[in-house]
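> Just so we're aligned, residue 450 is where the sequence shown starts under our numbering, counting upward by one. Every residue, glycine too, gets a C-beta built ideally from N, C-alpha and C.
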Amino acid sequence: MKIIPFAMKFVDPNLRFSIIPIMKQFVESMHEELDYTKESDNLKTIKKNMAPYNNVVIPEVHDDYSTKNILTMEYIPGIKVTDIQSLDEKGIDRQQLVIDVHKVFFTMLLKHSIFHADPHPGNISVKDDGTLILYDFGMIGRINDETRVKLVRLYLGLIEKNPPRTVTAMDELGMLAPDFNRQVIEKGIELSIKSMYGKKPDEMEVEQLMNMANKTMSKFPFKLPKHLALYLRMSTIIEGIYHTHKGRLLSSSRC
450 MKIIPFAMKF
460 VDPNLRFSII
470 PIMKQFVESM
480 HEELDYTKES
490 DNLKTIKKNM
500 APYNNVVIPE
510 VHDDYSTKNI
520 LTMEYIPGIK
530 VTDIQSLDEK
540 GIDRQQLVID
550 VHKVFFTMLL
560 KHSIFHADPH
570 PGNISVKDDG
580 TLILYDFGMI
590 GRINDETRVK
600 LVRLYLGLIE
610 KNPPRTVTAM
620 DELGMLAPDF
630 NRQVIEKGIE
640 LSIKSMYGKK
650 PDEMEVEQLM
660 NMANKTMSKF
670 PFKLPKHLAL
680 YLRMSTIIEG
690 IYHTHKGRLL
700 SSSRC
């Protein structure tokens, strides 16, 4: 933690208010990861929450063989979630697999408010029947009910292709600087939504947006509150898994 003030000297002043809380959140998470009793508690909580869902399994903890420094769990073999060759050899439906990954992690986030925040491919495996296996619960994110509702509003704004609603949700979540230019942000969201739905933004529209931003914004408009740092980490890694499979799925469909 002591290195943060020193490191901030080399960061753009417009970004410092966003980066500092993120770094503090990860430092706190690393401290938690050093205590395996906390990881055990996290695992048991999420295992209980996800018990009704048949597309995911979480190993049992062997308490008699676990301490603060050692965590002993049930061994459940599986295929790494990004091992495309092995998944295909087992006949796993990878399109459904990607859907299940998103469902599982966003169910944790939006229904139970406690979620696995480190879903890199080494922490997710797949059983022969396509069921997901989750490991390593040292890094866990939590959000309160108010934040959960605001995140739902954000996703609804994107799904409905509604830039004003999306920007309002971002503002409510504390993701925008106090002096942000709403017109510029809404235009940026509009172009992002077009891109999400496969429509390439007109180059003139992008140029106009950049000109507008340069003239009206005095500083970087986005920020990330501390309580959303682990959410962003989780969603970004999940998106990476999606893109790993998306490229191969598209290649297969062209054959």
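Which residue's Cα is closest to the Cα of V505: I533, E488, D537, D577?
With respect to the C-alpha of V505, the residue from I533, E488, D537, D577 having the closest C-alpha is D577.
> What are the boundary residues of the beta strand (DSSP E) that includes V575?
573-575
> Taking the DSSP output, what are the residues bridged to I589?
H565
> Determine, for K560, whether the minimum Cβ-Cβ distance to residues of chain C falls below 8 Å.
Considering every chain present, this structure includes no chain C. It has just one protein chain.
> Let me confirm a value: T516 is counted as buried when at least 16 other C-beta atoms fall within 10 Å, else exposed. Which label applies?
exposed
> How is the alpha helix (DSSP H) around I548 delimited, first residue to last?
Where I548 is concerned, the enclosing alpha helix (DSSP H) stretches over 543-556.
> My output table needs one value for M624: the three-state DSSP class, helix, strand or coil.
coil
> Do F554 and E488 have their beta-carbon atoms positioned less than 8 Å apart in this structure?
In this structure, E488 keeps its C-beta atom at 8 Å or more from the C-beta atom of F554.
> With a cut-off of 8 Å on the beta carbons, I'd call S535 and I525 a contact; round off their distance for me.
Rounded, the Cβ-Cβ distance is 16 Å, inconsistent with contact.
> Say whether the segment 678-685 touches the segment 623-632, bearing in mind that this needs 3 or more beta-carbon pairs closer than 8 Å, one atom from each stretch.
Put simply, the segment 678-685 does not touch the segment 623-632. Fewer than three CB pairs are less than 8 Å apart.
> Measure the Cβ-Cβ separation of H694 and V547 and say whether it is below 8 Å.
yes
> For the alpha helix (DSSP H) containing L600, name the first residue and the last one.
594-608
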